[in-house]
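S.K.: Chains as they are written, first to last, in this note's numbering: chain S, 4 to 345; chain H, 4 to 345; chain B, 4 to 345; chain L, 4 to 345.
4 protein chains.
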Amino acid sequence: MSHLFKIFIMPHPRSLNDVFDEQNLQALRELGEVIIHEGPELTEQEFSEVVMDAHVIMGVFDMPAERLARCKNLRAFINSEGNFLPNIDYDYCFRHGIRVLSASHVFAEPVAEISLAMAIDLGRGITRSDRLMRQGIESYGFAANSEARVLFNADVGLVGFGDLARSLLPLLKPFNVRIKVYDPWIPKMIVEQAGCTSVPLDEVLQTSTFIFILAGVTADNEGFLGEKQFALMQQGTIFLLLSRAAVVDFPAMLAAAASGRIRVATDVFPVEPVPADDPVRQLENTLLSPHQAGALEGVLKQMGRSITADIALISRGLPPMICKAAQPETASRFRSMPVSKS
Amino acid sequence: MSHLFKIFIMPHPRSLNDVFDEQNLQALRELGEVIIHEGPELTEQEFSEVVMDAHVIMGVFDMPAERLARCKNLRAFINSEGNFLPNIDYDYCFRHGIRVLSASHVFAEPVAEISLAMAIDLGRGITRSDRLMRQGIESYGFAANSEARVLFNADVGLVGFGDLARSLLPLLKPFNVRIKVYDPWIPKMIVEQAGCTSVPLDEVLQTSTFIFILAGVTADNEGFLGEKQFALMQQGTIFLLLSRAAVVDFPAMLAAAASGRIRVATDVFPVEPVPADDPVRQLENTLLSPHQAGALEGVLKQMGRSITADIALISRGLPPMICKAAQPETASRFRSMPVSKS
Amino acid sequence: MSHLFKIFIMPHPRSLNDVFDEQNLQALRELGEVIIHEGPELTEQEFSEVVMDAHVIMGVFDMPAERLARCKNLRAFINSEGNFLPNIDYDYCFRHGIRVLSASHVFAEPVAEISLAMAIDLGRGITRSDRLMRQGIESYGFAANSEARVLFNADVGLVGFGDLARSLLPLLKPFNVRIKVYDPWIPKMIVEQAGCTSVPLDEVLQTSTFIFILAGVTADNEGFLGEKQFALMQQGTIFLLLSRAAVVDFPAMLAAAASGRIRVATDVFPVEPVPADDPVRQLENTLLSPHQAGALEGVLKQMGRSITADIALISRGLPPMICKAAQPETASRFRSMPVSKS
Amino acid sequence: MSHLFKIFIMPHPRSLNDVFDEQNLQALRELGEVIIHEGPELTEQEFSEVVMDAHVIMGVFDMPAERLARCKNLRAFINSEGNFLPNIDYDYCFRHGIRVLSASHVFAEPVAEISLAMAIDLGRGITRSDRLMRQGIESYGFAANSEARVLFNADVGLVGFGDLARSLLPLLKPFNVRIKVYDPWIPKMIVEQAGCTSVPLDEVLQTSTFIFILAGVTADNEGFLGEKQFALMQQGTIFLLLSRAAVVDFPAMLAAAASGRIRVATDVFPVEPVPADDPVRQLENTLLSPHQAGALEGVLKQMGRSITADIALISRGLPPMICKAAQPETASRFRSMPVSKS
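1. Can we count S/E195 as close to the ligand SAH, meaning its CB is less than 6 Å from some heavy atom?
2. Is the Cβ of H/M256 closer than 7 Å to any Cβ of chain S?
3. Please list, in chain order, the residues of the region 279 to 296 of chain S that have any C-beta partner in chain H closer than 7 Å.
4. Between S/E36 and S/I12, what straight-line distance do the alpha-carbon atoms span, to the nearest angstrom?
5. Under 8 Å: do the region 230 to 247 of chain L and the region 187 to 194 of chain L share three or more Cβ pairs, one atom per stretch?
6. If you follow the alpha helix (DSSP H) that S/I325 is in, where does it begin and where does it stop?
7. Starting from B/Q330, find everything on chain S with Cβ-Cβ shorter than 8 Å and list it in chain order.
8. Does the region 293 to 304 of chain H come close enough to the region 56 to 76 of chain H that 3 or more CB-CB pairs lie under 8 Å?
9. State the CB to CB distance for the pair H/S2 and H/K183, rounded to an integer number of angstroms; the pair is presumed to be in contact (CB under 8 Å).
10. Between the Cα of L/L228 and the Cα atoms of L/V180, L/E275 and L/V162, which residue gives the shortest distance?
11. Which residues does DSSP pair with S/G320 in a beta bridge?
12. Counting Cβ pairs, one atom from each stretch, are 3 or more of them under 8 Å apart for the region 142 to 158 of chain L and the region 289 to 299 of chain B?
13. To the nearest whole angstrom, what separates the beta carbons of H/V271 and H/A248, a pair I think is in contact under 8 Å?
14. Just checking my contact of H/L71 with H/C96 at CB under 8 Å: how many whole Å lie between their CB atoms?
15. So the candidates are L/S335, L/I314 and L/M324; which of them puts its Cα closest to the Cα of L/E33?
16. Can you tell me where the alpha helix (DSSP H) holding B/A222 begins and where it ends?
17. Between which two residues does the beta strand (DSSP E) holding S/A79 run?
18. So, is the C-beta of S/G239 closer than 7 Å to a C-beta in chain H?
19. Please state the DSSP three-state secondary structure of S/I189.
20. What residues from the region 67 to 101 of chain H come within 7 Å of chain L, judged by C-beta to C-beta, listed N to C?
21. When we look at the beta-carbon of B/S345 and count the other beta-carbons within 10 Å, is it buried (16 or more) or exposed?
22. Short check: CB of B/I310 to CB of B/A79, under 7 Å?
23. Can the beta-carbon of S/L104 be found less than 7 Å from the beta-carbon of S/C326?
24. Would you check if the distance between the CB atom of S/A329 and the CB atom of S/F87 is smaller than 7 Å?
25. If you follow the alpha helix (DSSP H) that B/I129 is part of, which residue opens it and which one closes it?
26. Can you list, in chain order, the residues of its chain whose CB lies under 7 Å from that of L/G263, leaving out five sequence neighbours each side?
27. The beta strand (DSSP E) that contains L/A268, what's its start and end?
28. Quick check: what's the CA-CA separation for L/V283 versus L/L257?
29. Across which residues does DSSP place L/R181 in a beta bridge pair?
30. Would you mind sorting H/V274 into buried or exposed? The rule is 16 or more other CB atoms within 10 Å of its CB.
31. Going straight from the alpha carbon of B/N27 to that of B/L208, what length do you get?
32. For B/A222 and B/I216, what's the separation of their Cα atoms in angstroms?
33. Quick check on DSSP: helix, strand or coil for B/L119?
34. So, for B/V22: in the same chain, excluding its five sequence neighbours on each side, which residues have a beta-carbon less than 8 Å away from its beta-carbon?
35. Check whether the Cβ atoms of H/V180 and H/A157 lie closer than 7 Å to each other.
36. For H/R102, which beta-bridge partners are listed by DSSP?
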């Protein structure tokens, strides 16, 4: 069968080598014919000649129903950008058994890793102490730690219980923390099986010393963490924003940090790059991270391996198991998602 | 029996309330008579009147053989400072069944916690990126991460396999790291049972991306990590000094960081406070921490609870199980230990 | 919305109370109108009156395309029997966004539990020693253990890497075993992320001291473990059949046990109940289990809770997350499955 | 130094090859001179000629103070039988810095392994069902499981929190059990750090579905589990006796099993071998094990490796770390211990 199996790859906006190493490409070629289309453009003629009869397509170009209808062999369209963008007619795909896949799960581990370190950093004053030492105004020993919060045995809150949370959980586990979770899309049973407690948002905010914001943006949750929510938090709460700037009311968050009520780490900003004169750059009680939590070369290679493994399954008539498949119920909600977190 | 059991506590140089909360003191009082001696001095007369017939003594004052010989009831001397100092005649104690105890193990968890965060910080550039953002010269996303090292699946080296290493191991485990250990005092069997590999020092240095220095100072290992050892490390090695400044050749370490060959985090310095004009304060590729890794209020309270639990065992004629007991074979080697890490 | 949401439940061949306790039923009723149809029969008229407009149906009755086409509201059909039976037109469902769900995952934990105990039983001779003591011919201590195999540090093979294997893995983990996996449907990447090694079937059979057969029957694997495969196993191999009798050549398995080459535990038999005079009943080197590995009351209640949680998601327009959804690629292969393992 | 270091080994009642393989012996010989004395007798002359100047002695022969006083080099006496027997003057050793060591910890893992399997066996009816199938009177599926107890999420009680309990804990952990512990020698803090709850004996007995008896016999606890204690247990409690027959009132235990109130597994009996006509051999609700839980060849080899590793440390002037050292406070209590569990 494999001599008939056709894989079309248009890596833009990434480059082919970012995602696939030579071993990966070789593995793909053993599955069938691999057509690679570099560059940002794809003409109609190219579409007709090399895309239309592919069994698997990877790319982020437009795939309206009329194009999909011409792809008679198509079994899976893999979004290489990492989000479910509105580039494809999801309903057509669901009705016709075409999988729409994303390998965005690969970003979860590096984001979890840096989240954990940022939490301890704010709790224990790592970056702050380094800054004070460079300024020559540090304290030592117990005097340096008068405001310290340890993660061991702490109350931890997770807002969002998707891939990021699942990757963070095993890292938190040896710290013997109690974890409360708010995620309106996830049933209590799943939260409890993971050893956490499912609670309303307010309870997460009121009772947690460390709060990790891990929720993606949906039609429903834009800016849902605002002045009122920050007011619920305890003095000294450590608040970590790892997913999307749009889920918080950013000025309210910064005001809470400026006042000294909470400490904030953020990997995302409403505008990136942050304007040169943005006052956030000089804010106390904050740890600033230039959208670097997941954007690692090794992660893209892991994306390539994930995609290759799923294409291998698809080529054998089996369902993909590693990438995330778009679901009829949620595709439309996610479609409005802003630009990729990567 | 308990009405006869006598506990003498001289908390100096700490204060009583640093170590014991009210609940702890109450628990001690239920075991017997508790005599608390505040202040730094202890006269001969006071010794004769209130120390001499104690069953358990906690303090750091001088206990030569002649004094010990007068303590007919003494079962345990608990060093509240955290190290086995040369204040007591260890040989006399060993020959007469007097336990010399230290609760220094309580520092291990907070040091492990901050060590992990510092490792990820240097690997992922957390403090560095925050500094660049405050200077307005940050890069974003993949550009920010061109030198990043992730801890997941990394090669990790531990130099020293005592309390600190045992507390760090469970925190490292979910990162799926391969761990090589150098500790000449610990048998291979123990290292392997902990899921690590026991190797010579040079192999740790040559093959690890993250190297944690967790060894205490002994008569044998002062400055044992010098220019030659730093030369063995790979480009980009992340080197974390958490135990004692004296185990490394400090200038050699800083030179290796300055050259860009390695990145260094250190919680300890040859002279503390660090002199105002010490060039270490402006060094690149370093993360500076003012001896704050273990010095937490909560830790002293944990020390108090540990000591209380062991005194309870001793009062019942059972061996202590939580504090560390000085051993005949090693007491003399540790006696030269410099000032407390706390 | 919930006043319109309609849930039709026909529990046969189970009874309603087997699956749902009162708390569960109450939770279901809070989601919408719950229609319960007891008994084994469902007339066309009943179908028209109470099934046709349901949003969720639970049952195992026939649902050909013509019936499905009349169910305009239908979002999910939940098979309460535990397998994907050929009672429903899967293709119709896939094309029309109707989820076909099964809660068979609930059987995995109890089967894993008993599997582990059976493995240790055969390795250490638990049932055998009990039998010898009742016969008055036991040996003691080392003499009792001359043929013993410990699970600690053993080589373990898993044939099949689905729900059963995933539930068994955490139980095996503290025994520090090396695990080799054969499952032609599962990519190497998934096996490796679980800390196991993906190998060909022959390697599993040749190198494992404990072999767990956890694969369901498909069109492809009937009787795939036969005389040739048993001949590959080492002397003293412990062979555990937990999934389906049909995946092995049963007489070949019993012959290998009778010869003393391997030890066998089986929870399944080609004919159940086993005929009274079946020689398997007197076979040495075997541990016989009357299809009891998963059939626990508490498990059915867990099934009820899983179903309820997923119906709650569906009622809110979210995808189910707990039950297993039939997949276009594999539904036809599983459709031929024999009678339920429960 | 090693050419002067002398190791005397008298393996009786074991044989040399039971404990040491060739690799081990070679490792010992690299530490110093190894004198092996086979056979059960040791004359005074032999003692003078080959034992008296040894640095380390392994054996179980008599070592009163007068003999010890002649052993000027002696640093450690290693009991190869596995218990602290009254063969040696412990007080003399404590006063003179001679370690008395035992490698009995090696039995803990295999005992834990079989304990876990026996608990599941009684809970799920493994041995019982096998017996019924051989008798031709088995039930199937749910009918076979009407009395089943699963270990997942169960209430577990541990009586005794020494080596056995520590080896059992990690095996229980993936079953998500709640563990209550009774051990009067172990402080609450240690129990809690292990994730368990320290409670009075009666609470363990009243609230646990699975009760593991893991306590050694001391002067204080002989027969402490009697009729009154068995009466506290719930209907259907699963009671596992793994340590010593003498800690329970054996007839009371068997009566509780005979009545159907509890199910009992026992690896130990008041008289071994059990008399041919002992009614225990036909008792229902029991799982009988002929003192085989720890007596494995591989365990003795592990003992040999442990001893060798500790002798290596001792030869370098370091404290032993793997074997258990007799403690002044408890040696006299254990001295009355009955014959070895092995």
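We put the beta carbon where it would ideally sit given N, CA and C, even for glycine. Here the structure is a predicted model, which is why all the values come from computation and not from measurement.
M.R.: With the given structure in hand:
1. Of the ligands one can find in the structure shown there are none, so the ligand SAH has no counterpart to examine.
2. Indexing the second sequence from 1 puts residue 256 of chain H at position 253. No, no contact with chain S.
3. So the close ones are A279, R284, Q285, L290, L291, S292, P293, H294 and Q295.
4. Working through the first sequence from its first residue, we reach residue 36 of chain S at position 33. Working through the first sequence from its first residue, we reach residue 12 of chain S at position 9. Roughly 11 Å separates the two Cα atoms.
5. With a cut-off of 8 Å, the region 187 to 194 of chain L and the region 230 to 247 of chain L do not count as touching, because too few Cβ pairs lie within range.
6. Counted from its first residue, the first sequence places residue 325 of chain S at position 322. That residue, S/I325, is in no alpha helix (DSSP H); it is neither H nor E in DSSP.
7. Sequence index remark: in the third sequence, residue 330 of chain B carries index 327 (1-based). Those are P322, listed as they occur along chain S.
8. Not touching, per the Cβ criterion.
9. The shown model of chain H, from 4 to 345, leaves out residue 2 of chain H, and the question about it has no answer.
10. Mapped onto the fourth sequence, residue 228 of chain L falls at position 225. Comparing alpha-carbon positions, the option among L/V180, L/E275 and L/V162 lying closest to L/L228 turns out to be L/V162.
11. By 1-based counting over the first sequence, the position of residue 320 of chain S is 317. According to DSSP, which records beta bridges pairwise, S/G320 is partnered with nothing at all.
12. Flag = yes, the region 142 to 158 of chain L and the region 289 to 299 of chain B touch.
13. The sequence position of residue 271 of chain H within the second sequence is 268, counting from 1. The sequence position of residue 248 of chain H within the second sequence is 245, counting from 1. Going by Cβ atoms, the distance from H/V271 to H/A248 rounds to 4 Å, so yes, they are a contact pair.
14. In the second sequence, residue 71 of chain H corresponds to position 68, counting from 1. In the second sequence, residue 96 of chain H corresponds to position 93, counting from 1. Rounded, the Cβ-Cβ distance is 7 Å, consistent with contact.
15. Taking the first residue of the fourth sequence as position 1, residue 33 of chain L is located at position 30. The option with the nearest alpha carbon to L/E33 is L/I314.
16. By one-based count along the third sequence, residue 222 of chain B stands at place 219. Per DSSP, B/A222 belongs to no alpha helix (DSSP H) and is neither H nor E.
17. Indexing the first sequence from 1 puts residue 79 of chain S at position 76. First-last of the beta strand (DSSP E) with S/A79: A79 to N82.
18. Taking the first residue of the first sequence as position 1, residue 239 of chain S is located at position 236. Cβ-Cβ to chain H under 7 Å: no for S/G239.
19. Reading the first sequence from its first residue, position 186 is the one you call residue 189 of chain S. Coil, per DSSP.
20. From the region 67 to 101 of chain H, only F97, R98 and G100 have a Cβ closer than 7 Å to chain L.
21. Start at 1 with the first residue of the third sequence, and residue 345 of chain B comes out as number 342. Its pLDDT being 37, under 50, B/S345 is placed unreliably in this model, and the value from its coordinates should be taken loosely. By the beta-carbon neighbour count (other beta carbons within 10 angstroms, threshold 16), B/S345 is buried.
22. Residue mapping note: residue 310 of chain B aligns to position 307 of the third sequence, counting from 1. Residue mapping note: residue 79 of chain B aligns to position 76 of the third sequence, counting from 1. With a cutoff of 7 Å on beta-carbon distance, B/I310 and B/A79 are scored as not near each other.
23. On the first sequence, residue 104 of chain S is found 101 positions in, with the first residue counted as 1. On the first sequence, residue 326 of chain S is found 323 positions in, with the first residue counted as 1. For the pair S/L104 and S/C326, the CB atoms are nearer than the 7 Å cut-off.
24. If you number the first sequence from 1, residue 329 of chain S lands on position 326. If you number the first sequence from 1, residue 87 of chain S lands on position 84. Going by C-beta atoms, S/A329 is nearer than 7 Å to S/F87.
25. Translated into positions along the third sequence, residue 129 of chain B becomes position 126. Taken as a continuous stretch (DSSP letters only), the alpha helix (DSSP H) holding B/I129 covers I129 to Q138.
26. Position 260 of the fourth sequence, counting from 1, holds the residue named residue 263 of chain L. Annotation for L/G263: N288 place their beta carbon closer than 7 Å to its own, counting only its chain and skipping 5 residues before and after.
27. Residue mapping note: residue 268 of chain L aligns to position 265 of the fourth sequence, counting from 1. That run of the beta strand (DSSP E) goes I265 to T269.
28. Within the fourth sequence, numbered from 1, the residue matching residue 283 of chain L stands at position 280. Within the fourth sequence, numbered from 1, the residue matching residue 257 of chain L stands at position 254. Taking the straight line joining both Cα atoms gives about 7 Å.
29. Taking the fourth sequence and counting its residues from 1, one reaches residue 181 of chain L at position 178. According to DSSP, which records beta bridges pairwise, L/R181 is partnered with L/D158.
30. Taking the second sequence and counting its residues from 1, the one referred to as residue 274 of chain H is at position 271. With fewer than 16 neighbouring CB atoms inside 10 Å of its own CB, H/V274 falls in the exposed class.
31. As a first step, residue 27 of chain B must be located in the third sequence, where it is residue number 24. As a first step, residue 208 of chain B must be located in the third sequence, where it is residue number 205. In a straight line, the C-alpha of B/N27 is about 44 Å away from that of B/L208.
32. For the purposes of this step, residue 222 of chain B is taken as the residue at position 219 of the third sequence. For the purposes of this step, residue 216 of chain B is taken as the residue at position 213 of the third sequence. Looking at the two C-alpha atoms, the distance is approximately 17 Å.
33. Counted from its first residue, the third sequence places residue 119 of chain B at position 116. DSSP places B/L119 in helix when its eight states are reduced to three.
34. The count along the third sequence starts at 1 and reaches residue 22 of chain B at position 19. Once the five neighbours on either side are set aside, the close Cβ partners of B/V22 are P14, S83, L303, K304, M306, G307 and I310.
35. By one-based count along the second sequence, residue 180 of chain H stands at place 177. By one-based count along the second sequence, residue 157 of chain H stands at place 154. For H/V180 and H/A157, yes; Cβs fall inside 7 Å.
36. The residue given as residue 102 of chain H occupies position 99 in the second sequence. H/A79, per the DSSP bridge assignment.
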